[in-house]
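Numbering (our numbering), first residue to last: 3 to 191.
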Amino acid sequence: MNEKLLDGRTVAILVSNGFDEVEFTDPQKRLSELGATVKVVSTVKNLVNGWYEGNWGHFFPVHADVSDTLAIDFDGLIIPGGIRSVDKLFNDPHGKRILKAFLKADMPVLLIGDSVKLLIAIEQVVGVSLTSSSTVKGDLIAASANWVDQVVMLDKNLITGSGSSKLAELVSEFSVKVCEYEKEAIEAA
Numbered sequence: 003m004n005e006k007l008l009d010g011r012t013v014a015i016l017v018s019n020g021f022d023e024v025e026f027t028d029p030q031k032r033l034s035e036l037g038a039t040v041k042v043v044s045t046v047k048n049l050v051n052g053w054y055e056g057n058w059g060h061f062f063p064v065h066a067d068v069s070d071t072l073a074i075d076f077d078g079l080i081i082p083g084g085i086r087s088v089d090k091l092f093n094d095p096h097g098k099r100i101l102k103a104f105l106k107a108d109m110p111v112l113l114i115g116d117s118v119k120l121l122i123a124i125e126q127v128v129g130v131s132l133t134s135s136s137t138v139k140g141d142l143i144a145a146s147a148n149w150v151d152q153v154v155m156l157d158k159n160l161i162t163g164s165g166s167s168k169l170a171e172l173v174s175e176f177s178v179k180v181c182e183y184e185k186e187a188i189e190a191a
């Protein structure tokens with residue numbers, strides 16, 4: 003794989019306080035290594051607090067307020083798990099608007115672990131093939147998702163993962179989708 007595969011691309015990572023720090027930092031690091039500009043978008047201003055091994059973790063700088071963010075400004079979206087963060091985003095109208103806009107445009111979206119639950123909040127879960135953490139599996143099945151017992155699941159440009167066990171594979175799939183999406187957009191123009 004080309005080491006600078008994502009040069010010139012910008013990826014949003016959407017979080018609120020309590021996101022899973024590993025599911026945030028590993029993709030952020032890998033995307034940066036691939037040449038992407040990674041911007042943290044949050045419901046929290048200035049600094050957002052992660053969750054690491056059962057305790058509050060580190061603070062990370064926020065680049066954009068979710069209320070001022072548009073999907074068109076990015077090439078892809080990642081939402082890490084962490085049920086505290088997911089529960090806050092679940093009820094945030096701007097967070098839901100952003101996720102819905104990415105999906106409507108068929109842009110690459112990576113939902114990790116608990117964050118797959120957000121598809122219920124935007125009413126985009128019925129019949130979608132996905133996987134998630136065990137924490138939200140029951141909610142997804144009850145909402146008529148096609149839940150699959152896999153670590154990584156692809157449904158068009160939506161990539162879902164069961165958690166932090168295969169982050170490298172998830173980011174790799176996401177990176178390919180970002181490149182394919184740009185190519186398709188150029189060919190359609």
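Quick reminder that beta carbons are idealized off the backbone N, C-alpha and C, glycines included.
Remember, it's a predicted structure, so these values are computed and weren't measured experimentally.
Put serine 34 into one of helix, strand or coil per three-state DSSP.
Residue state, collapsed to three classes: helix.
Any chance the segment 48-64 sits against the segment 110-129, with 3 or more Cβ pairs inside 8 Å?
Counting Cβ pairs under 8 Å, fewer than three are found: no touch.
One question on the structure: do lysine 179 and glycine 78 come within less than 9 Å of each other, judged by their Cβ atoms?
In this structure, glycine 78 lies closer than 9 Å to lysine 179 by Cβ.
Since histidine 96 is in the beta strand (DSSP E), which residue starts that stretch and which ends it?
Run containing histidine 96: none in the beta strand (DSSP E); it sits in the alpha helix (DSSP H), 95-106.
Classify alanine 14: buried if its beta carbon has 16 or more other beta carbons within 10 angstroms, exposed otherwise.
Buried is the call here.
Determine the burial state of glycine 97: buried for a count of at least 16 other Cβ atoms within 10 Å of its Cβ, exposed for fewer.
With 16 or more Cβ atoms within 10 Å of its Cβ, glycine 97 is classed as buried.
Considering only the beta carbon of each residue, do leucine 91 and valine 17 sit closer than 9 Å?
Closer than 9 Å, so yes.
Looking only at C-alpha atoms, which of Gly83, Gln126, Asn57 sits nearest to aspartate 157?
Nearest option by C-alpha distance: Gln126.
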